[in-house]
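Residue numbers (this note's numbering), protein chains in the order written: chain A, 84 to 459; chain B, 496 to 836. The structure under discussion appears below in the form of C-alpha cells.
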Amino acid sequence: MGQRKKCVAMLLAGGQGSRLSALTKYLAKPAVPFGGKYRIIDFTLSNCVNSGIETVGVLTQYQPLVLNSYIGIGSAWDLDRNNGGVTVLPPYSESSGVKWYTGTASAIYQNINYLKQYDPEYVLILSGDHIYKMDYSKMLDYHIEKDADVSISVIEVPWEEASRFGIMNTNEDMDIVEFDEKPQFPKSNLASMGIYIFKWSILKEFLEMDERNPDSSNDFGKDIIPLLLDENKKIVAYPFQGYWKDVGTIKSLWEANMDLLKGDSTLNLYDRDWRIYSVNPNQPPQYIAPNAVVEESLVNEGCMIEGEIQHSVVFQGVTVGEGSSIKDSVIMPDARIGKNVKIERAIIAPGMIIEDNAVIRPLKNSEDVILLADEI
Amino acid sequence: MNESMLGIINATYDFSSLQALTQHRSLAALPFGGRYRLVDFMLSNMVNSDIHSVAIFTGHKNRSLMDHLGSGKQWDLDRKRDGLFVFTPNSQGDNEEFGSFNHIARNMDYFLRSKQKYIVITNCHIVAAMNFKPILRRHIEAGADITEVLHDGQSLQTYIMEKDLLLDLFHQYKDKGFHSLIDVVKEQCSTLCSHKYEYDGYVAIIDSIESYYKHSIEVLKPEVWKQLFMTGEPIFTKVKDQPPTRYGKEAKVGNSMIANGSIIEGQTDNSIIFRSVKIGKGSIVRNSIIMQKSQIGENCVLDGVIIDKDVKIEDGTILTGTAGVPYVVEKGTVQGALMNS
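Now the structure itself:
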C-alpha cells in the first residue's frame, strides 16, 4: 500500500499513431522523436513533474520496447521516487485470459488496482500524443474550486477546423452540456485536449458501469463522457491558452518542429522555470566545420555539420557531409547524410543513411512533406 | 588472471599559472571542450577500462567538483559495491603535501577493503582518451613493479602497480624517505623494477592559461576531437537538461564546437562555446572560449579571449588577446564597452 496521494496521473501511451506511417512501425507514437532532442512523451512527463504531480502510471501497449526502456525508472524526469514516481503499466494476463486495452477507459479500468493503492482524491488522465506546456496544478485548483466531478481541458481551435475535434458545448459557467465528437456542424470551437481530471470516486464508479456494458467501446470521449452527461454529473471545461499541437500526422509533426524555429515561438524550450526533461545522451558538443552554414535552426549534441543547414531541426548524432544542403527539414537521431545531398521539406527517420548526391524533396509547388524511413 | 584495477585520481593540483580560472574552483572542475570538466577525461578513462572503484582525492576548493561528481551516477559509478569515493582533505593536514603517501594513507581503510589487485594512479589535468587495460597488460608482461606512463618522453604522473606494493610503500615511506610516487620512480636504483610506457595517443597537459587556451582551440582539429570523442569509448560528464542549440537567421558559424542550450545570433569562428551561452546579433566571436551561461551582447568583437562562466559582456564591447596571452574574463563579472578601452 502506497502513501495516500492527492492526485495521480494516468498517461495513455499505448497508441499506435498509424497516421505517422513508417515512423511508428516499431515505435509507439509517444516515443517518436521531436524538437531536436526530445520524444513526444517528454512534454507530458515534464508537465507532470513541473506541476508537482509525482505519481504517474504510464499505460503502454503498442510497440512498447523503445518506450519502456526510454522511461526506465523515470530518473530523467526526476520521477524515480521512493513512494510513487513513474510506473509502466502494460496489459497483463490473469486467470480469465489476457486482456488487451481495447479503449482508453478499459486501459484505466484494468489498472484500477494501481490507483487503489494510492487511494487518490483526484485522477488526472493524459495522453502522450501532444506537444504543449501546461501547469496541471492550476487545472486541479480550478476543478476543486468548481467542485466538479470531471474537468476537461479545452482549447479554442479555428472554426473551420472544429469538425476534426471532439467539441465541447458549454453554458456561460463553462459547464459542459453537450459533447460532439467530430461534428459536421460545430456549435462551439472549444476542442477537448484529451486531458481530464476526475474525482476518483466518480471515475471508479463510471469505469465499473462502463465495463458492465457489453456494447461500450470503452472510450473516454465516446462512452464515459456521454454517460456522465446522461447521469447529470458536473462536467466543466477548463480553458487552456498557449501552444498545443496534436502531432498525429507527418505534416503536423513537421509543422510542430518548424514552429520551434520561429523567433516568437510560444513553446519556449529555453524557459528554466519550466524545463522539458528528457533522457540526455552522452554526446560531445556539435562540431560545425569551417565551410558549414547553419541558419535559423536547432542542432543537438554529437552532430558533425560540414554542409548547409537552413531552417531545420537536427537531432543528436547526425552527420551532414560537405556540399550537402538541408532546408525546412527534420533530421532524426543518428542519420548520416552523405556529400552533395539535397534535402527539402522532409523528415529523415532515425539512423537513415542518405548516399552522396541524393536529392530528396517534394514535387515542385507541392505542400507535401516527405518521410524517409526504413520500410523493412 | 586477476586483472582488476582500482583507480586513484589526485585532484589536489593547483597551478598558480592558472589562477585566473581556478580561483574559485579546483583544477579538476575546470570546464574544457564545450561541455566537460577536466576530471571527466580520467574518470571516463577509468570507467572505460572496467575500473569500478575510483577514489578522488581533492584539495580545499572542492565545491564545484563535488557538485559535478554528485553520486557518480553519470559515470555509472553509483554502485552498491565499489563505485565512486571522494576523499576531502582534513582540516588538520594543512601543512601536508597533497598527493603524498601520508595524505593518501590517511584513507587506508579504502585500500584495505578493496579487493582489486592492481591500482592506477593518475591526476586530473591530463586530457586524453586513454585506456588503461593495454597498459596493465604491458605492466604484467614486463614483470614490472611500477609502470609509469609517458607521452613524448614526458611523465604523465600516471602509474600502475599492485595495490599491495602501494600499501608497502605507505608503511616504508618514512624509513626510505619517499614522500610520493614521484620520489619512488625517480629513485632508479631502488630495488623496484620500474617500467616506462610510452602512450602515443593524443595528450594535452593543462598547467597554464596558455596551455589551456592552446589545447582548447586544438580540439577543433578533426584529428584531435576524433581521438578524444570518437573512440567508441565515450567521455562521460554531468548531463544537463538543455534544449538543442538555436541558430538565428543571421548566425554565421564556422570551425566551432558548440554545446547545447546556446542561442547563437551572431558570428563564431574557431571557437569553443559551452552550454547556454548567448551570442547577440552583430557580435563576432573568434579564436575564443566562452564558458557556460555567459552572455555576449550585440555588436561585440571578441578575439583570443577566454570568458569564464556567468560573465556578461555588454553591447559593443571589444576584447582581444593573443594565443600567447589570451585575455581572460573572470567568472561572474560584467564587461562593458567603456571599461576596457
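A virtual CB, placed ideally from N, CA and C, is assigned to each residue, including glycine.
So the candidates are A:L103, A:N133, A:Q86, A:G277; which of them puts its Cα closest to the Cα of R355 (chain A)? Of the listed residues, the one whose Cα sits closest to R355 (chain A) is A:N133.
On the criterion of 16 or more Cβ atoms from any shown chain inside 10 Å, does D736 (chain B) qualify as buried, or is it exposed? By the 10 Å Cβ count, D736 (chain B) comes out buried.
Quick check on E728 (chain B): does DSSP put it in helix, strand or coil? Coil, per DSSP.
Assuming L631 (chain B) contacts M500 (chain B) (C-beta within less than 8 Å), just tell me the rounded distance between them. About 6 Å; that satisfies the 8 Å criterion.
Could you give the DSSP three-state label for G819 (chain B): helix, strand or coil? It is coil, neither helix nor strand.
Taking Q393 (chain A) as the reference, which of A:V376, A:G404, A:C386 has the closest Cα? Minimum Cα distance to Q393 (chain A) is reached at A:V376.
In chain order, what are the residue ranges of uninterrupted alpha helix (DSSP H) at least 4 long that sit wholly in the segment 331-382 of chain A? Counting only runs that start and end inside the segment 331-382 of chain A, the alpha helix (DSSP H) elements of at least 4 residues fall at 333-342.
When you compare the CB positions of D535 (chain B) and I801 (chain B), do they come within less than 9 Å of one another, or not? Cβ atoms of D535 (chain B) and I801 (chain B): not closer than 9 Å.
With S526 (chain A) and I333 (chain A) assumed to form a contact (beta carbons below 8 Å), what rounded beta-carbon distance in angstroms separates them? Nothing about residue 526 (chain A) can be read from this structure; chain A reaches only from 84 to 459.
Can you tell me whether Q649 (chain B) is helix, strand or coil according to DSSP? Q649 (chain B) falls in the strand class under three-state DSSP.
For Y205 (chain A), the residue or residues it bridges with in DSSP: The bridge partners DSSP lists for Y205 (chain A) are A:C90, A:K282.
Strand pairing of W327 (chain A), partner residues [DSSP]: Its beta-bridge partners are A:Y215.
Listed in chain order, which residues of the segment 102-117 of chain A have Cβ atoms closer than 9 Å to some Cβ of chain B? Interface annotation for the segment 102-117 of chain A against chain B: empty, criterion Cβ-Cβ distance under 9 Å.
For chain A, check one thing: does any of its Cβ atoms lie closer than 9 Å to the Cβ of Q722 (chain B)? Not closer than 9 Å to any Cβ of chain A, the Cβ of Q722 (chain B) fails to qualify, so no.
Would S836 (chain B) pass as an interface residue toward chain A - the criterion being a Cβ-Cβ separation below 9 Å? With a pLDDT of only 43 at S836 (chain B), under 50, the local geometry of the prediction cannot be trusted, and the value read off the model is given with reservation. Under the Cβ criterion of 9 Å, S836 (chain B) is not counted among the residues facing chain A.
Rounded to whole angstroms, how far is the Cβ of M656 (chain B) from the Cβ of I599 (chain B), which I believe are closer than 8 Å? The distance from the Cβ of M656 (chain B) to that of I599 (chain B) is about 13 Å, inconsistent with a contact at the 8 Å cut-off.
Quick one: what's Q393 (chain A) bridged to in DSSP? The partner list for Q393 (chain A) (beta bridge, DSSP) reads A:E378, A:K410.
Distance, Cα to Cα, V413 (chain A) vs V396 (chain A)? For V413 (chain A) and V396 (chain A), the distance between alpha carbons rounds to 5 Å.
Could you tell me how far apart the beta carbons of A456 (chain A) and R444 (chain A) are, in whole angstroms, since I believe they sit closer than 8 Å? A456 (chain A) to R444 (chain A), Cβ: 16 Å. No contact.
To the nearest angstrom, how far is it from the Cα of V714 (chain B) to the Cα of G528 (chain B)? Near 7 Å, if we compare the C-alpha coordinates of G528 (chain B) and V714 (chain B).
What does DSSP give as the partner residue(s) for T686 (chain B) in the beta ladder? When DSSP reads this structure, T686 (chain B) sits in no beta bridge, so it has no partner.
Residue ranges of each beta strand (DSSP E) run of no fewer than 3 residues wholly in the segment 411-451 of chain A, ordered along the chain? You should have 425-427, 429-431.
Does the Cβ of N497 (chain B) have 16 or more other Cβ atoms within 10 Å, making it buried, or fewer, making it exposed? It counts as exposed.
Can you find a C-beta in chain A that's less than 9 Å from the C-beta of T617 (chain B)? Contact of T617 (chain B) with chain A is not assigned, every C-beta pair being separated by 9 Å or more.
Check for me: the beta strand (DSSP E) holding Y321 (chain A) runs from which residue to which? Per DSSP, Y321 (chain A) belongs to the beta strand (DSSP E) from 318-322.
Look at the alpha carbon of V319 (chain A) and the alpha carbon of F262 (chain A), and state the distance between them as a whole number of angstroms. Cα to Cα, the separation comes out at about 12 Å.
So does the segment 791-798 of chain B actually touch the segment 807-816 of chain B, counting three or more Cβ pairs closer than 8 Å? Segments in contact, yes.
Residues of the segment 364-379 of chain A with a CB closer than 9 Å to any CB of chain B: list them in chain order, please. So the list reads P364, N365, Q366, P367, P368, Q369, Y370, I371, A372, P373, N374, A375, V376, V377, E378, E379, given in the order they occur along the chain.
Span of the alpha helix (DSSP H) holding T583 (chain B)? First-last for T583 (chain B): undefined, no H or E at that position.
Could you tell me which residues DSSP puts in a beta bridge with E643 (chain B)? DSSP lists B:Y654, B:K691 as partners of E643 (chain B).
Let me make sure I understand the geometry here. Which of A:T127, A:K108, A:F117 has the alpha-carbon closest to that of K216 (chain A)? Taking the Cα of K216 (chain A) as reference, the smallest distance to any Cα among A:T127, A:K108, A:F117 is reached at A:T127.
Since R530 (chain B) contacts P364 (chain A) with CB under 8 Å, what's their CB separation in whole angstroms? 12 Å between Cβ atoms; not a contact.
Select from A:R164, A:L110, A:I156, A:D163 the residue whose C-alpha is nearest the C-alpha of Q146 (chain A). Of the candidates A:R164, A:L110, A:I156, A:D163, A:L110 places its Cα closest to the Cα of Q146 (chain A).
Starting from the Cα of S783 (chain B), find the closest Cα among B:A506, B:A637, B:V823 and give me that residue. A check of alpha carbon separations from S783 (chain B) across B:A506, B:A637, B:V823 identifies B:V823 as the nearest.
Using the DSSP secondary-structure output, state which residues sit across from L579 (chain B) in a beta bridge. L579 (chain B) has B:V549 as its beta-bridge partners, per DSSP.
Which residues DSSP lists as bridging M222 (chain A), in chain order: According to DSSP, M222 (chain A) bridges with nothing at all.
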